[in-house]
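Read through the structure below, which is laid out as structure tokens, and then see the notes.
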Amino acid sequence: MTTAEPLGAVRERVLAGLRQDIVAGRLRPGDRLVERELAERFAVSRVPVREAVRALVAEGFVLFETPRRAVVRRLTVKDVDELFELREALEVYAAGLAAERAERASLAGLAEVLERAAVATRALDAERITDLNSLFHERVLAMAGNSLLISVMEPVGGRLRWLTRRGEQWPRQLAEHRALYEAVASGDPAGARACALAHVRTNHRATVRELFGARPGGSRRDGGDGGDG
């Protein structure tokens with residue numbers, strides 16, 4: 099007799115599938131999430147679908163336009179700015195801690211992630227690149243050795259993957275990740291923080307430009323020109 103899948107596991111399966119669809123662009127901003135259709139797709143009841151949608155609302159991927167109409171969220175410039183402000187504060191701090199605390203085994207693992215990312219970048223494998231770039235940042239965060247910092251960053255990670263899956267950024271991101279790796283591996287906290295700061299700010303400018311074009315009036319909050327350099 100087949101053992102029934104626990105409700106919590108069903109919810110997590112549906113949540114992971116929908117989150118990945120949004121991150122990968124298969125569900126686009128403004129697309130509606132219809133409980134009946136999703137229940138049929140995942141071969142589940144509507145209860146875990148409803149719970150998964152509510153979780154996506156809490157994570158910032160989805161919003162309720164009405165009490166019965168859930169859609170993939172359309173991000174505003176303010177949404178992106180706030181996300182990158184938080185990322186800047188936390189990732190720069192984490193990079194410095196990683197340079198102080200990283201061990202040989204964890205550095206070897208991080209180097210291996212970079213090699214896999216390079217292969218995926220050459221192949222223009224969007225989903226694989228996004229996964230590996232996220233894994234790189236997760237590994238750096240783990241090296242920082244601060245469990246509270248990890249828990250604070252966790253809900254931010256999915257939204258960052260959503261924003262940073264665009265092709266023109268990939269080679270630049272790989273180069274910046276390599277520079278950050280070198281600083282961490284060298285045990286240089288100041289250098290690691292500088293690399294992380296430059297990476298986040300460059301990614302911020304490029305993301306805003308790709309999503310919205312120039313800011314109103316052509317202004318830039320960080321004073322940059324919006325270039326990738």
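When you number the sequence shown by the working numbering, it's gap-free, plus one each residue, and the end is 327.
Glycine included, C-beta positions come from ideal geometry on N, C-alpha and C.
{"query": "DSSP on ALA224, reduced to helix/strand/coil?", "result": "helix"}
{"query": "What number of angstroms, rounded off, separates the C-alpha of ASP286 from the C-alpha of VAL238?", "result": "14 Å"}
{"query": "Just mark ARG202 as buried or exposed, buried being the case when its beta carbon has 16 or more other beta carbons within 10 Å.", "result": "exposed"}
{"query": "In chain order, what residues of the same chain have a beta carbon less than 8 Å from the beta carbon of ALA102, not counting five sequence neighbours either side?", "result": "none"}
{"query": "Skipping 5 residues on each side, what residues in its chain have a beta carbon closer than 8 Å to that of GLY115?", "result": "PHE140"}
{"query": "In chain order, what residues of the same chain have a beta carbon less than 6 Å from the beta carbon of GLY321, not counting five sequence neighbours either side?", "result": "Since pLDDT at GLY321 reaches only 43, below the 50 mark, its modelled position is unreliable, and no value is offered."}
{"query": "Does the distance from the C-beta atom of ARG259 to that of VAL121 stay below 7 Å?", "result": "yes"}
{"query": "Tell me whether PHE140 sits in a helix, a strand or coil according to DSSP, three-state version.", "result": "helix"}
{"query": "Using CA coordinates, which residue listed in ALA168, GLU135, VAL178 is at the minimum distance from PHE310?", "result": "VAL178"}
{"query": "Taking just the CA atoms, how far does ALA283 sit from ALA240?", "result": "14 Å"}
{"query": "Relative to the C-alpha of ASP70, which residue among GLN267, ALA196, ARG257 is closest?", "result": "Absent from the structure is residue 70, since the part of the chain shown begins at 99 and ends at 327."}
{"query": "Going by DSSP in three states, GLU110 sits in which element: helix, strand or coil?", "result": "helix"}
{"query": "Applying the 10 Å Cβ sphere with the 16-neighbour rule, what's the burial state of LEU222?", "result": "exposed"}
{"query": "Please state if the CB of ALA150 and the CB of ARG124 are separated by a distance shorter than 7 Å.", "result": "no"}
{"query": "If you drop the 5 nearest sequence neighbours on each side, which residues of the same chain put their C-beta closer than 7 Å to that of PHE162?", "result": "VAL155, ALA168"}
{"query": "Kindly indicate which three-state DSSP category PHE310 falls into: helix, strand or coil?", "result": "helix"}
{"query": "Can you give me the C-alpha to C-alpha distance between GLY207 and HIS275, rounded to a whole angstrom?", "result": "14 Å"}
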